[in-house]
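Visitor: Below you'll find the structure I mean.
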Amino acid sequence: MLNIVLFGPPGAGKGTQSKILIEKHGLTHLSTGDMLRAEKASGSELGERVKQIMAEGKLVSDSIVIEMIANRLDAQSQGYIFDGFPRTVAQAEALDRLLQSHDLGITAMVQLEVADEELVSRLVQRGKDSGRADDNEETIRKRLAEYKDKTLPVAGYYKAQDKWISVDGIGDITAISERVAAAIEQYA
Ligand code: B4P
2 MLNIVLFGPP GAGKGTQSKI LIEKHGLTHL STGDMLRAEK ASGSELGERV KQIMAEGKLV
62 SDSIVIEMIA NRLDAQSQGY IFDGFPRTVA QAEALDRLLQ SHDLGITAMV QLEVADEELV
122 SRLVQRGKDS GRADDNEETI RKRLAEYKDK TLPVAGYYKA QDKWISVDGI GDITAISERV
182 AAAIEQYA
């Protein structure tokens, strides 16, 4: 069973590469960004609470995202892609505990490496195409700072477990997916 953490800064291609991996391996896609946007769109009380945090480019609290993930683990799943989660070391520790309680574990963490200016340019373009509120240059810079401060240490957490793989995330989407596939094969 494959359980992959797809990791990288905002705009690195996590959502894009997740779709390709899901088709190839029949995995369950768990994207905390998608879940939070769905909460916002539903107008729920939780959605109202996270709306402002996301618009400011900050991270939503660990307890909210951990609970969202815990509620979506499914005994029938053939494996998971964790997309945009864990984003803090506390989330990574909680994920390990959660998976262990189901006799599961993370197979590998794939980190997509992309330079900041390329990230900004991709996300500004997506903002124009999709109207996504947090894809404007000011918020993107804040999201990148939040990534470096709180999320990058998560790579060290998986390095210490010998589960970390770095993949060049610049170039053609298909070529990147081949790099990701080759990286995962070392662990599968
Ligand atoms: P996310 O939805 O996870 O947003 P993201 O980091 O921007 O990644 P995304 O998957 O959307 O982008 P992708 O790289 O695929 O999070 C949004 C917010 O939710 C966070 O800021 C935070 O507030 C909150 N949140 C989510 N999870 C959380 C957690 N665990 N804890 C706390 N808070 C949390 O794609 C970007 C663009 O690049 C696309 O337009 C794509 O088409 C393009 N692209 C992809 N690959 C490319 C390539 N090779 N070349 C050119 N363009 C490419």
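Per my numbering, the sequence shown starts with residue 2, numbered consecutively. Glycine is no exception: its CB is placed at the ideal position from the N, C-alpha and C atoms.
1. Less than 7 Å between C-beta atoms, sequence neighbours within five positions excluded: which residues of the same chain meet that for Gly34?
2. Could you check what DSSP says for Met2 in three-state terms: helix, strand or coil?
3. What does DSSP give as the partner residues of Gly80 in its beta bridges?
4. Using a Cβ distance threshold of 8 Å, determine whether the stretch 62-78 contacts the stretch 122-129, with at least three qualifying pairs required.
5. Within a Cβ cutoff of 8 Å, which residues of the same chain sit near Val51, ignoring the five residues on either side of it in sequence?
6. Report the CB separation of His30 from Ser19 in whole angstroms; it is logged as a contact under 8 Å.
7. Excluding five sequence neighbours on each side, which residues of the same chain lie with their C-beta closer than 6 Å to the C-beta of Phe83?
8. What residue does the alpha helix (DSSP H) around Ile141 start on, and which one ends it?
9. Thinking Ile185 and Val111 are a contact (beta carbons under 8 Å), I'd like their distance in whole angstroms, please.
10. Regarding Gln187 and the ligand B4P, is the C-beta to nearest heavy atom distance less than 7 Å?
11. Assuming Val155 and Arg88 make a contact with CB atoms under 8 Å, what is their CB distance in whole Å?
12. Mind checking whether the beta-carbon of Ile174 lies closer than 7 Å to any heavy atom of the ligand B4P?
13. With DSSP run on the structure shown, which of helix, strand or coil describes Gln101?
14. Assign Asp135 to one of three DSSP states: helix, strand, or coil.
Guide: In terms of the structure at hand:
1. Within the sequence shown, the letter at position 33 stands for residue 34. Gly85, listed in sequence order.
2. Sequence index remark: in the sequence shown, residue 2 carries index 1 (1-based). Of the three classes helix, strand and coil, the one that applies to Met2 here is coil, per DSSP.
3. Here residue 80 refers to the residue found at position 79 when the sequence shown is read from its first residue. DSSP lists Leu3 as partners of Gly80.
4. no
5. Against the sequence shown, residue 51 aligns to sequence position 50. So the list reads Leu37, Glu40, Lys41, Val61 and Ile65, once near-sequence residues are dropped.
6. Numbered from its first residue, the sequence shown carries residue 30 at position 29. Numbered from its first residue, the sequence shown carries residue 19 at position 18. Indeed they touch by this definition, with Cβ atoms about 6 Å apart.
7. As a first step, residue 83 is located in the sequence shown; it is residue number 82 there, counting from the start. Answer for Phe83: Val6 and Leu31, listed in chain order.
8. As a working mapping, residue 141 is identified with position 140 in the sequence shown. Glu138 to Glu147 is the span of the alpha helix (DSSP H), which, as asked, contains Ile141.
9. Here residue 185 corresponds to residue number 184 of the sequence shown, with the count starting at 1. Here residue 111 corresponds to residue number 110 of the sequence shown, with the count starting at 1. Contact flag correct, Cβ pair sits at about 7 Å.
10. Position 186 of the sequence shown holds residue 187. Flag unset: Cβ of Gln187 not near the ligand B4P.
11. Walking along the sequence shown from the start, residue 155 turns up at place 154. Walking along the sequence shown from the start, residue 88 turns up at place 87. Contact holds; Cβ gap of about 7 Å.
12. In the sequence shown, counting from the first residue as 1, residue 174 sits at position 173. Result yes, Cβ under 7 Å from the ligand B4P.
13. Looking up residue 101 in the sequence shown gives position 100. Of the three classes helix, strand and coil, the one that applies to Gln101 here is helix, per DSSP.
14. Residue mapping note: residue 135 aligns to position 134 of the sequence shown, counting from 1. Asp135: coil per DSSP, three-state reduction.
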